[in-house]
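Chemist: For reference, the structure I am asking about is given below.
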Amino acid sequence: MAKEKKDTRPLFTTPEEWLDEILAAWDEAGKRNVANTEPYHLASVVCLKFRGRQLTGPRAERVAKIALANYHVNTDRDTDTARDIKSNPRFAFALCYLASHLALDLVEEYTIDTVIEHSWERLSD
Numbered sequence: 004m005a006k007e008k009k010d011t012r013p014l015f016t017t018p019e020e021w022l023d024e025i026l027a028a029w030d031e032a033g034k035r036n037v038a039n040t041e042p043y044h045l046a047s048v049v050c051l052k053f054r055g056r057q058l059t060g061p062r063a064e065r066v067a068k069i070a071l072a073n074y075h076v077n078t079d080r081d082t083d084t085a086r087d088i089k090s091n092p093r094f095a096f097a098l099c100y101l102a103s104h105l106a107l108d109l110v111e112e113y114t115i116d117t118v119i120e121h122s123w124e125r126l127s128d
C-alpha cells in the first residue's frame, strides 16, 4: 500500500484564511474538465489533493460520500437556505470542501459553521 503524503497546505485558523483557500480550491476544480459534473462533486478531490492525500481508494471514496451526504442533508428541505445552496455553485462547493475536511478529521463541525457564516456574502458575489 502506498504511503500517504503529509498535508501540503497548512490548516487555517481564521475564517478569512479558509475563504482564501476555498476560492483557490474553486479555481482548481474549474481546471478539471469532467463532463456532466457539478463543481461541488469535485470538492472532495481538491481537498484530498490540497492535503496531499491519495485521490483514489477507500478513504477517498468515503470522503466523497460524506461530502455529498452533507450537501444532500443541507439541500433536501424546502427552506431558504437549501434554495440558496442549490442556486449558488460556489457556496455548494464550499460546503462540500469543508465537509471533506471534516471527513478527514481535520476540522470540527463548529469550524465549518463559522467559516460558512463568515463567507456567505463573498461566496455569493
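One rule links them: number in this note's numbering = place in the sequence shown (from 1) + 3.
All residues carry an ideal CB built from backbone N, CA and C; glycine is no exception.
Source: prediction; values computed, not measured.
In chain order, what are the residue ranges of uninterrupted alpha helix (DSSP H) at least 4 long that sit wholly in the segment 73 to 117?
Modeler: Fully enclosed alpha helix (DSSP H) runs of no fewer than 4 residues occupy 83 to 90, 92 to 106 of the segment 73 to 117, in order along the chain.
Chemist: Apply the 10 Å Cβ neighbour rule to Met-4 and answer buried if 16 or more other Cβ atoms are within range, or exposed otherwise.
Modeler: Any reading at Met-4 must be qualified, since the residue scores a pLDDT of 47, below 50, and its modelled position is unreliable; the value itself is stated next. Its Cβ having fewer than 16 others within 10 Å, Met-4 is exposed.
Chemist: Look at the alpha carbon of Gln-57 and the alpha carbon of Leu-109, and state the distance between them as a whole number of angstroms.
Modeler: Looking at the two C-alpha atoms, the distance is approximately 15 Å.
Chemist: Taking just the CA atoms, how far does Arg-86 sit from Glu-24?
Modeler: 24 Å
Chemist: Just tell me which of Leu-107, Thr-82, Ile-115 has its CA closest to the CA of Ala-97.
Modeler: Looking at the Cα atoms, Ile-115 is the closest of the given residues.
Chemist: Smallest Cα separation from Ser-127: which of Val-48, Pro-92, Asp-79, Thr-59?
Modeler: Pro-92
Chemist: Ignore the nearest five residues each way along the sequence and tell me which others in Trp-21's own chain have a CB closer than 7 Å to its CB.
Modeler: Phe-15, Val-118
Chemist: Looking at the secondary structure, which residues open and close the alpha helix (DSSP H) in which Leu-58 lies?
Modeler: Premise fails: Leu-58 is in no alpha helix (DSSP H) and is neither H nor E.
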